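Data first, discussion second: the structure below is written as structure tokens.
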Amino acid sequence: MVSSLLSTADLTSSIPDNTRRLADKVAITRNYVDIETHKVFYMDAVPPSGNFTKGVILLLHGQSFTSSTWCEHDNISILAASGYRCIAPDLPGSGKTEGDSIQLRRDRISSLP
Numbered sequence: 001m002v003s004s005l006l007s008t009a010d011l012t013s014s015i016p017d018n019t020r021r022l023a024d025k026v027a028i029t030r031n032y033v034d035i036e037t038h039k040v041f042y043m044d045a046v047p048p049s050g051n052f053t054k055g056v057i058l059l060l061h062g063q064s065f066t067s068s069t070w071c072e073h074d075n076i077s078i079l080a081a082s083g084y085r086c087i088a089p090d091l092p093g094s095g096k097t098e099g100d101s102i103q104l105r106r107d108r109i110s111s112l113p
């Protein structure tokens with residue numbers, strides 16, 4: 001599915017005005033979920049009321065960023081306005097999620113038998 005999306009994506013066109021208008025109507029909820037030993041913060045953006053949801057996109061940030069990175073340039077709102085539910089968590093050790101960083105967790109996982 002991802003390869004078909006990438007092969008048909010038009011990365012040269014600007015974002016349609018209608019999508020930009022809908023982006024202003026996107027509600028982004030902020031919440032926490034317990035996953036194993038972590039209380040993970042996440043943002044959840046759904047398409048505006050009355051708009052069909054095409055699918056779900058999980059937005060993961062890099063090492064020096066947080067979930068708020070996806071809000072700073074309206075990425076999460078534009079994607080939701082385009083019909084995708086977007087979930088953007090703060091990975092452990094980043095933003096509002098406490099606990100070991102991903103690097104420490106990776107080391108711990110790789111040492112398992």
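For the sequence shown, full-length UniProt numbering gives the first residue as 1, with consecutive numbering after it. Idealized CB from N, CA, C, for every residue including glycine. Source: prediction; values computed, not measured.
| Item | Value |
| --- | --- |
| Status (buried if at least 16 other CB within 10 Å, exposed otherwise) for LEU91 | buried |
| Limits of the alpha helix (DSSP H) - the one that ASN18 falls within | 17-23 |
| Simplified DSSP state of ALA88, which is helix, strand or coil | strand |
| Rounded separation between ALA88 and ALA80 - CA only | 12 Å |
| C-alpha distance - THR19 paired with ILE78, whole-angstrom precision | 7 Å |
| Boundaries of the alpha helix (DSSP H) in which GLY69 is found, first to last residue | The amino acid at residue 69 is misidentified as Gly; the sequence shows Thr. THR69 -> alpha helix (DSSP H) spans 69-72. |
| Spatial distance of PRO113 from VAL56 (CA atoms) | Residue placement at PRO113 cannot be trusted, given a pLDDT of 43 that sits under 50; the coordinates are not used to answer. |
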